[in-house]
Structures are given as C-alpha cells and as structure tokens.
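Taking it in order: structure first as structure tokens, then the write-up.
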Amino acid sequence: MESACKKYWNGTMLSRVRYRRLSRLLALWIAVSGGVAAVAWTEDVAAAPVIAVGYDMPNGNGTATGGFFNYWDRDYTGNGSVAPFSAPHTNDGEALSGGLGDLTDGVIATQDWFFVESAAGDGPYVGWQDIDPRITFHFASSVTIDTVTLHLADSTFSEVEPPNNANIDGTNFTIVNPVADVPFSVSFSGLGFTGSELTLELRQSGRWIFLSEVTFDDGITAHSISTPGQVLLLGMTIVGLGVWRRRRSAVLYPSQYLPSSTR
Ligand SMILES: [Ca+2]
Ligand SMILES: [Ca+2]
Ligand SMILES: [Ca+2]
2 MESACKKYWN
12 GTMLSRVRYR
22 RLSRLLALWI
32 AVSGGVAAVA
42 WTEDVAAAPV
52 IAVGYDMPNG
62 NGTATGGFFN
72 YWDRDYTGNG
82 SVAPFSAPHT
92 NDGEALSGGL
102 GDLTDGVIAT
112 QDWFFVESAA
122 GDGPYVGWQD
132 IDPRITFHFA
142 SSVTIDTVTL
152 HLADSTFSEV
162 EPPNNANIDG
172 TNFTIVNPVA
182 DVPFSVSFSG
192 LGFTGSELTL
202 ELRQSGRWIF
212 LSEVTFDDGI
222 TAHSISTPGQ
232 VLLLGMTIVG
242 LGVWRRRRSA
252 VLYPSQYLPS
262 STR
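Residues 2 to 264 in the working numbering are what the sequence shown lists, from first letter to last.
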C-alpha cells in the first residue's frame with residue numbers, strides 16, 4: 002500500500018500538484034497585476050484648444066489701399082466702425098469689435114492668396130497693408146493659454162510676406178520667413194498666459210500680412226483614468242482570484258485526488 006502511494010506521489014499525482022500550484026500562482030499573478038494596473042492605468046489627454054468668444058481688430062485692407070483684391074473680414078459677426086456697422090464689412094481698416102470671423106472660423110488657408118481671394122472680399126485671409134494690426138481676443142472666462150498658433154501666408158508674390166514678429170500679451174516673438182513660399186503656421190509656446198483677454202500684434206515686414214486663423218491651446222496634458230480599461234483589468238482580477246481560490250483548495254487537499262484505495 003505504501004509503495005503504491007509513494008509511486009503515485011512520485012508520478013502522476015506529483016505532476017498534478019505541481020501543475021495546480023503553478024496555475025494557482027499564475028492566477029494570483031493575473032489577479033494582482035490586473036488590480037494594480039486597474040488602479041494605476043491612466044491615459045494622457047492632449048492639450049485642449051481654448052476657444053475665443055470674440056476678437057477686435059482693424060478690418061483688412063483692399064483695393065482702396067492699393068490691393069489687387071479685397072482682403073476684408075467681410076462676414077465678421079460683430080460691429081464695424083463705419084455705417085451701416087453690421088456685416089458685410091467692406092471698409093478698409095475700419096475698427097471691428099464684438100464678433101468672430103475669418104480668424105476663428107476653423108478655415109485655414111492652404112493656397113496662395115492669389116487663388117483664394119477675390120474682389121468680393123470673402124476669401125479666407127485677412128490682409129493688412131501699412132499697419133501693424135493689433136488683435137484683442139476675448140474669452141468667456143479667465144483661461145490658461147500655453148500656445149498661440151498663427152496661420153499665415155508666405156507668398157510667391159513678394160508683396161505678401163510673413164510679419165517680422167508677433168507681440169503676444171506684451172512679449173515679442175521673432176517670426177522667421179520660411180524658405181518655401183507657401184502658407185505656413187507658426188506656434189509660440191510656454192506663454193503661461195492667464196486671463197480673459199489676450200492681445201496679438203503683428204509687426205509689418207514692409208509687405209502685406211495675410212492671416213487666415215489664430216488658434217490657442219492650454220498646454221495642459223491631463224491624465225484621466227480609462228474606464229473601459231479599468232473594467233477589463235478588474236475583470237482580470239476577479240477571474241484570477243476565482244481561479245486562485247479553486248487551485249488553492251485543490252493543492253491544500255491533494256488527497257482528494259488520490260485513488261480511494263490509497264486514502
Ligand atoms: Ca479662418
Ligand atoms: Ca477674408
Ligand atoms: Ca518665404
């Protein structure tokens with residue numbers, strides 16, 4: 002009887018015990034890993050755009066200022082300073098206030114001004130000649146802004162060039178004229194701006210400045226917990242613990258697996 006039992010433990014039964022111990026450890030590892038990961042797993046959320054609720058600026062210029070076309074913010078939603086004051090805003094350089102238009106409509110010009118502007122003045126750019134446009138952006142509440150991005154023209158026509166620099170909330174940033182003469186964007190980061198009103202002034206290079214969009218982001222990379230991921234990992238934990246408990250019972254009481262003749 003003893004030799005039969007010993008033989009049994011040295012043979013098949015011992016393998017089964019090892020197998021169950023190993024699987025128990027594996028189940029425990031899965032359970033612990035799932036639990037730890039469920040607590041720790043977060044995902045990054047990209048910096049969020051900051052949306053302006055209005056901007057004030059001088060209207061673009063056009064044929065009355067020597068332009069080939071009219072580069073107005075024609076459909077700007079706020080008031081102009083010249084009667085009849087509401088859109089369409091067709092007066093070169095008039096003061097626009099209290100609205101939104103070409104600079105915030107989400108349309109970024111990708112072509113040279115010559116192909117997208119017109120005498121009607123409804124093209125995607127706002128163009129200024131002989132002035133340093135000062136644009137004041139308004140936000141619904143105090144906001145944090147890390148980055149301002151300007152979408153500018155850089156034309157094969159030499160009369161339209163990027164501004165020499167941008168002054169953002171009192172800080173001056175140099176703008177390098179790209180080698181390629183195509184529309185481009187330039188970003189200024191690390192601004193650390195907080196407030197409900199941000200000023201942007203573009204400094205002339207002696208040519209026309211053409212701007213089609215200005216965007217802002219808060220630069221904050223948030224860490225949020227992924228709910229579907231947590232559910233999955235917690236599921237791993239529960240299943241792993243269940244398996245571990247069953248395997249643990251099996252290993253604690255191996256005699257149940259012995260043939261009745263050896264008990
Ligand atoms: Ca636009
Ligand atoms: Ca326009
Ligand atoms: Ca260039």
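Glycine residues also receive a C-beta, built at the ideal position from the N, C-alpha and C atoms.
So, with DSSP's three-state summary, where would you put THR175?
strand
Quick one: give me the first and last residue of the beta strand (DSSP E) that TRP129 is part of.
127-129
Quick check: what's the CA-CA separation for GLY67 versus ILE221?
44 Å
Please indicate yes or no: does the CB of VAL108 lie closer than 7 Å to some heavy atom of ligand 1?
Under cutoff, so the answer is yes.
Considering only C-alpha positions, which residue in the set THR105, ASP123, THR137 and ARG22 is nearest to ASN62?
Among THR105, ASP123, THR137 and ARG22, the Cα nearest to that of ASN62 belongs to ASP123.
To the nearest angstrom, how far is it from the Cα of ARG246 to the Cα of VAL33?
13 Å
Using beta-carbon positions only, say whether HIS152 and SER197 come within less than 8 Å of one another.
no
What residue ranges within the region 91-161 form continuous alpha helix (DSSP H) runs of no fewer than 4 residues, ordered along the chain?
114-117
Mapping the DSSP letters down to three states, classify ILE239 as helix, strand or coil.
helix
Alpha-carbon spacing of TYR254 relative to LEU233, whole angstroms
Residue placement at TYR254 is flagged as unreliable, the pLDDT there being 48, under the threshold of 50; the coordinate-derived value follows with that caveat. For TYR254 and LEU233, the distance between alpha carbons rounds to 32 Å.
Comparing the CB of GLY124 with every heavy atom of ligand 2, is any distance shorter than 7 Å?
yes
Rank GLU214, GLY241 and VAL244 by C-alpha distance to the C-alpha of ASP106 and give the top, closest one.
GLU214
Endpoints, the beta strand (DSSP E) within which PHE194 is located:
First-last of the beta strand (DSSP E) with PHE194: 194-204.
Return the residue from the list VAL177, ARG19 and PRO50 that minimises the CA-CA distance to VAL149.
PRO50
With H, G and I counted as helix, E and B as strand and the rest as coil, what does DSSP make of ILE210?
strand
Segment contact, 8 Å Cβ cut-off, at least three pairs: the region 126-136 with the region 67-76:
yes
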